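Below: one structure, written as structure tokens.
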């Protein structure tokens, strides 16, 4: 499996012209060129504005109204009452926040390190490394909805493989992995980790290949053992990959939705912020104000990793 | 494993300093990854195994048995009862235009941002990249209301609005994926030497020709990788059809698995067969285009 990042191909095409792309001033263009450029920029920007950024702003707006979603004239200003409601009376809110935090911790403490471990192990010269990589990678290709179904078959109380392997199948003490509200979140997080670890592994395999081999040699010449070389030299050298992985882990846990929705529509112990947003939007009693207030909470939390990532990625561009 | 034993020319100290990297067959590692790999495959193999056994056999011998016949009857039944032909058709109707539009718009935007310097190009690029990282649930309510209140003639949409149309799902998927693709493609296009478009310009090539005849052919590897990745992303999208499409027969297969669950609730074998059928297209892409997919993932590791 070639995990060579394509940047190298592009860089090779550049044949060592490392100088930054010299950019021309717009006034060198003909009128026609300028119109063409304006269209090339304008259409994607318009799509992006209308379907991503304006809805985001409207979400904030809708969180300050009472509305049943039927007629615009039914909209009534609500002030902060939607927020007051979710923070103080909406009994599912704080459990959902806690479940999101647990989800993040689970991916961060188990999923991501497992992916890193697999990448480091498979980066060594062991027989069949590619086959192992392919196996760990399979779940990354699957949709999270399908992962929910596949794991349901695996977890099923009466017919699932897990209870059989534990020797409890068909007995009164068979665990209802997805039905018991004390365990089902953990079961769902294991299913999510199944995919996440493979994803992290692939990114770290590429990251490890990008580390200059002479760094490792220098470290071992200086007398560092394998662990020291990894922790003090290789891992810090993968900083760009590390940043991406941190951001992906946080964002994946905020976006977690499909798996729990497939299992039981995100109820009975599987409440997550994203699910509550949707329950208030498409449930029987549409409470768009409350749903939007929840969406804004989700937005504000998501902005932390997004801003962190963007400031890291675009710092150089800004300075130019 | 043994082939990488230290050679004579290696520094004398190297073998004693770094015993882990060479020589030893790494049995601990091999045992660990093998155990993990088996655990990784168990859920998939369990679904496959169950789907190959008729319900009568599992009822008689239990699900944890090796007895009884194995055949593809469940697949045939699931395919026919589940309406998979329709769902796969819907997936194609949504995925193909969404991916083509995404790559087309993103490549134009990336070209303008990467090859020319103008006042807001970095700002716009940041906006595009950020948009892709938002949780989709944040935009769901306003988009739903926007589509619900977009009045269309009935010959165009039987709901009279944009709800329950393929267009709504295609448009939102395109908008959501453009940001990511623009980011990746702009990085790629920045690495193409400026002399190439410069020479084309001196020869009198217009901006469009520089884009279409000079830059795009050179961007082909990135487009292939991104295209594969986007096909999987859009095909795997569960959320947008769930929100926008109400008629069951218009759902793409990924969202339709939710219905299968209700339909085959009492028949575990059929559900397993349905799940396996849904895996097959992804598996084919995986086997044929694994390289492209992995390249796409690592190329734009910014994907959330």
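Chains as they are written, first to last, in this note's numbering: chain A, 576 to 895; chain B, 979 to 1282. Where a beta carbon is used, it is the ideal one built from N, C-alpha and C, also for glycine. All of these numbers come straight from a predicted model, not from anything done at the bench.
For residue 623 of chain A, the C-beta contacts it makes with chain B under 8 Å involve 1105, 1106, 1109, 1153, 1156 and 1157, in order along the chain. Looking from the CA of residue 1158 of chain B, the closest CA among B:1196, B:1179, B:1110 and B:1146 belongs to B:1110. Only 829, 830, 832, 833 and 837 from the segment 828-844 of chain A bring a Cβ to less than 7 Å from some Cβ of chain B.
Taking a Cβ-Cβ cut-off of 7 Å, the neighbours of residue 734 of chain A in chain B comprise 1041 and 1246, given in sequence order.
Per DSSP, residue 1239 of chain B is one residue of the alpha helix (DSSP H) stretching across 1231-1241.
Only residues of its own chain outside the window of five on either side were considered, and among them 678, 767, 847 and 849 have a CB closer than 7 Å to the CB of residue 831 of chain A, listed in chain order. Short of 7 Å from the beta carbon of residue 804 of chain A, and not among the five residues preceding or following it, lie these beta carbons of its own chain, in chain order: 791, 794 and 795. Not flagged as an interface residue toward chain A: residue 1241 of chain B, since no C-beta distance is shorter than 8 Å. Between residue 619 of chain A and residue 1098 of chain B, the C-beta spacing is not below 8 Å.
Nearest Cα to residue 1019 of chain B within the set A:690, A:712, A:653 and A:682: A:712.
Taking 8 Å as the threshold, the shortest C-beta distance from residue 758 of chain A to chain B does not fall below it. Residues of the segment 608-641 of chain A that bring their beta carbon within less than 7 Å of a beta carbon in chain B comprise 608, 611, 612, 615, 616, 618, 619, 620, 622, 623, 626, 627, 628, 630, 631, 633, 634 and 637, in sequence order.
Contact check between the segment 1174-1193 of chain B and the segment 1130-1139 of chain B: fewer than three CB pairs, one atom from each, fall below 8 Å, which does not count as touching. When only Cα atoms are considered, residue 1149 of chain B and residue 1208 of chain B end up about 14 Å apart. Per DSSP, residue 1056 of chain B is one residue of the alpha helix (DSSP H) stretching across 1051-1060.
The bridge partners DSSP lists for residue 641 of chain A are A:651.
In this structure the segment 733-748 of chain A does not lie against the segment 659-677 of chain A, because fewer than three pairs of beta carbons, one per stretch, are closer than 8 Å. Taking a C-beta distance under 8 Å as the contact criterion, residue 1255 of chain B and residue 1122 of chain B do not qualify as a contact pair. Within the same chain, and ignoring the five residues on either side of residue 1260 of chain B in sequence, the residues whose Cβ sits closer than 8 Å to its Cβ are 1210, 1213 and 1214.
By the C-beta density criterion, residue 1017 of chain B is exposed, having fewer than 16 other C-beta atoms within 10 angstroms. Along the segment 1174-1260 of chain B, the alpha helix (DSSP H) occurs as fully enclosed runs of 4 or more residues at 1198-1213, 1217-1222 and 1231-1241, listed in sequence order.
Two segments are said to touch when three or more pairs of C-beta atoms, one from each, lie closer than 8 Å; by this definition the segment 1228-1240 of chain B does not touch the segment 1164-1178 of chain B. Boundaries of the alpha helix (DSSP H) harbouring residue 769 of chain A: 759-785, taken from the DSSP string. The way I'd put it, the segment 699-713 of chain A does touch the segment 1005-1014 of chain B; three or more beta-carbon pairs between them come closer than 8 Å. In the DSSP annotation of this structure, the continuous segment of the alpha helix (DSSP H) that includes residue 716 of chain A starts and ends at 704-716. For the segment 860-882 of chain A, the set of positions with a beta-carbon nearer than 7 Å to some beta-carbon of chain B reads 863, 866, 867, 870, 873, 874, 877 and 881 in chain order. Inside the segment 817-878 of chain A, DSSP marks whole alpha helix (DSSP H) runs of 4 or more residues at positions 833-839 and 848-857, from first to last along the chain. By the Cβ test, the segment 1060-1069 of chain B is in contact with the segment 1218-1233 of chain B, since at least three Cβ pairs between them sit closer than 8 Å.
Less than 8 Å separates the beta-carbon of residue 1204 of chain B from that of residue 1081 of chain B. Taking 9 Å as the Cβ-Cβ cut-off, the segment 1201-1223 of chain B approaches chain A at 1203, 1210, 1213, 1214, 1215, 1216, 1217, 1220 and 1221, given in chain order. Contact check for residue 763 of chain A against residue 672 of chain A fails: the beta carbons are separated by 8 Å or more. For the C-beta of residue 1011 of chain B, the chain A residues within less than 8 Å are, from N- to C-terminus, 693, 696, 697, 701 and 707. Between residue 877 of chain A and residue 637 of chain A, the gap from beta carbon to beta carbon reaches 8 Å or more.
For the set A:775, A:819, A:770 and A:798, the Cα lying nearest the Cα of residue 833 of chain A is the one of A:770. In this structure, the CA atom of residue 729 of chain A is about 15 Å from the CA atom of residue 755 of chain A.
Contact between residue 639 of chain A and residue 654 of chain A holds: their C-beta atoms lie close to 7 Å from each other, under 8 Å.
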